[in-house]
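Q: In this note's numbering, the protein residues as written are 265 to 462. Even for Gly, the Cβ is constructed at its ideal location relative to N, Cα and C. Have a look at this one before I ask anything.
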């Protein structure tokens, strides 16, 4: 089977420079980066696959598939591409088939590589800690005031803060909680939704 029959995905990670292209083949991924010779990452050398989600406000949401292989630095495949300083283009129409095809290929390996969803555990815990930290800080700053005043000013920011934190949890933290997953049952929140035909 030729490589033309396999999924192919291109994107621009930076404004400066050309596009990066990844294509699946019978034996691995071919990676063509700007100013570098094409290289092959064999399926047999892939040790770890990590899926992450990066929500955006005024641009398409970004999905990342990180490939960690033997003897090579980690490589990120992204669902969005920079076109100009104000425009991040959604490339999920080619990203999704590539990621699904990659998982299907790697699921056949015995033993399969490790499939991990979300952020590294230390980074995930740090983000939660940074959201919780302001409350005890406010309490300590007001240590010279009387107990009711200290309690009131400590609890006052909880309501707006809690509302924002809830949105942040749902949009950013919940999809990226660290966990392993089965390559035949990829967490749907870590994949772009297929586009409906116009």
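What residues in its chain sit with their C-beta under 6 angstroms from that of residue 315, if we drop five residues either side in the sequence?
A: Correct list, in chain order: 329, 381, 454.
Q: How do the stretch 343 to 357 and the stretch 365 to 383 stand: do at least 3 beta-carbon pairs fall below 8 angstroms, yes or no?
A: The stretch 343 to 357, when compared against the stretch 365 to 383, does not touch it at the 8 angstroms Cβ threshold.
Q: So residue 317 and residue 325 are supposed to be a Cβ contact under 8 angstroms. How far apart are they, rounded?
A: At roughly 7 angstroms, the Cβ-Cβ gap stays under 8 angstroms, so residue 317 and residue 325 are in contact.
Q: Which of the three DSSP states, helix, strand or coil, is assigned to residue 446?
A: Note: residue 446 maps to coil in three-state DSSP.
Q: Does DSSP classify residue 318 as helix, strand or coil?
A: In the structure shown, residue 318 sits in a strand (DSSP, three-state: E or B).
Q: Thinking just about the alpha-carbon of each residue, which of 358, 448, 443 is nearest to the one in residue 458?
A: Cα-wise, what sits closest to residue 458 is 358.
Q: According to DSSP, which residues form a beta bridge with residue 273?
A: For residue 273, which the question treats as bridged, DSSP gives the partners 286.
Q: Assuming residue 343 and residue 456 form a contact by the criterion Cβ under 8 angstroms, report the distance between their Cβ atoms to the nearest whole angstrom.
A: Rounded, the Cβ-Cβ distance is 6 angstroms, consistent with contact.
Q: Just to confirm my understanding: we take residue 437, look at its own chain, exclude 5 residues before and 5 after, and list those with CB closer than 8 angstroms. What are they?
A: Cβ neighbours of residue 437 beyond the five flanking positions: 388, 391, 392.
Q: Mind checking who residue 332 pairs with in its DSSP beta bridge?
A: Paired residues: 312.
Q: Name the two residues that bound the continuous alpha helix (DSSP H) containing residue 280.
A: Premise fails: residue 280 is in no alpha helix (DSSP H) and is neither H nor E.
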